[in-house]
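*Asks:* Under this note's numbering, the very last position in the sequence shown is 430; numbers go up by exactly one each time. Idealized CB from N, CA, C, for every residue including glycine.
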Amino acid sequence: MRSFSRLVGTCFTRQSLIFQCSFVLQRRFQQFLTLCKDYRKLFAVVQKAENTFFYVVLAASVGALGLLGYVLFEQFFSYESPQKVFSTALSMIRADERCQELFGSSIAGYGEESARGRRRFLAHQKYEKDGRQRIRVVFHLKGSKARGIAQAEMEKEDSWQWRFLLVQTQSPSSETHVLIDNREPA
């Protein structure tokens, strides 16, 4: 009898243990589902934070690209840039008949030569005189007949205007040709 009661007691204990285990498992499962919902909320918050960060990085990149474009525009296409003065003056020199007589039909313009023989640096000076901004550019010319130097200066009163543009040959008999001279007599 003892063994039977032990067996029945053990079975009831096992059943209650299984019931308790299933109850604990059910509670743990509910906690797990609650945590999953919390994790979903947490994941959504993290995802939104990442998206916000990437949008800020994108906006900063677009701003930096715009700034770079502005700097490049000012450097190469603005009348304040030495490159713009150089290119405009060179096209005026190429179109001038007297310059074609002095230098030949194909005229090339370039900046100062560096130690390596490259012609990159364009000698220029920006300054202010009498309350007006000025920019002066000096560059070299090379044609089929002769070599020379060109000097160009622009002045800003209301808008940029040519002050002077002149060329000078570097042959033994140096000749100077003035294309534009809007300087005030001293």
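Whole alpha helix (DSSP H) runs in the stretch 329-365 with 4 or more residues, listed along the chain?
*Replies:* With a minimum length of 4 residues, the continuous alpha helix (DSSP H) runs that stay inside the stretch 329-365 are 341-347.
*Asks:* Going by the beta-carbon positions, is the gap between G353 and F317 smaller than 9 Å?
*Replies:* As a position in the sequence shown, residue 353 is number 109, starting the count at 1. As a position in the sequence shown, residue 317 is number 73, starting the count at 1. Going by C-beta atoms, G353 is not nearer than 9 Å to F317.
*Asks:* Looking at R376 and S415, is the spacing between their C-beta atoms short of 9 Å?
*Replies:* Numbered from 1 along the sequence shown, position 171 holds the residue referred to as residue 415. Numbered from 1 along the sequence shown, position 132 holds the residue referred to as residue 376. Not a contact, by the Cβ cut-off of 9 Å.
*Asks:* What residues are listed by DSSP as bridge partners for F321?
*Replies:* Numbered from its first residue, the sequence shown carries residue 321 at position 77. Per DSSP, none; premise fails for F321.
*Asks:* For W406, which residues in the same chain have their Cβ closer than 7 Å to its Cβ, ignoring the five residues on either side in sequence?
*Replies:* What you label residue 406 is simply residue 162 of the sequence shown in a count that begins at 1. Only M398, I424 and N426 meet the Cβ criterion.
*Asks:* On the CB-based measure, 16 or more other CB atoms within 10 Å of its CB, does L302 come out buried or exposed?
*Replies:* Working through the sequence shown from its first residue, we reach residue 302 at position 58. Classification of L302: exposed, given that the 10 Å Cβ count is below 16.
*Asks:* Under the rule that 16 or more other beta-carbon atoms within 10 Å means buried, what is F330, buried or exposed?
*Replies:* Here residue 330 refers to the residue found at position 86 when the sequence shown is read from its first residue. When all chains shown are included, F330 counts as buried.
*Asks:* Comparing alpha-carbon positions, which option in G387, S417 and L366 lies nearest A396?
*Replies:* Here residue 396 corresponds to residue number 152 of the sequence shown, with the count starting at 1. Out of G387, S417 and L366, L366 has the C-alpha closest to the C-alpha of A396.
*Asks:* Nearest-angstrom Cα distance between Q412 and S403?
*Replies:* The count along the sequence shown starts at 1 and reaches residue 412 at position 168. The count along the sequence shown starts at 1 and reaches residue 403 at position 159. Cα-Cα distance, rounded: 28 Å.
*Asks:* Based on Cα-Cα distance, which residue from S325, R338, E428 and A339 lies nearest to R380?
*Replies:* Start at 1 with the first residue of the sequence shown, and residue 380 comes out as number 136. When each option's Cα is compared against that of R380, the closest is S325.
*Asks:* Quick one: residues in its chain with C-beta nearer than 8 Å to the C-beta of S388, no 5 flanking neighbours on either side, listed in chain order?
*Replies:* Within the sequence shown, numbered from 1, the residue matching residue 388 stands at position 144. Cβ within range, chain order: F347, G348, S349 and S350.
*Asks:* Under the rule that 16 or more other beta-carbon atoms within 10 Å means buried, what is A304, buried or exposed?
*Replies:* Along the sequence shown, one-based indexing puts residue 304 at 60. Exposed, by the Cβ-count rule.
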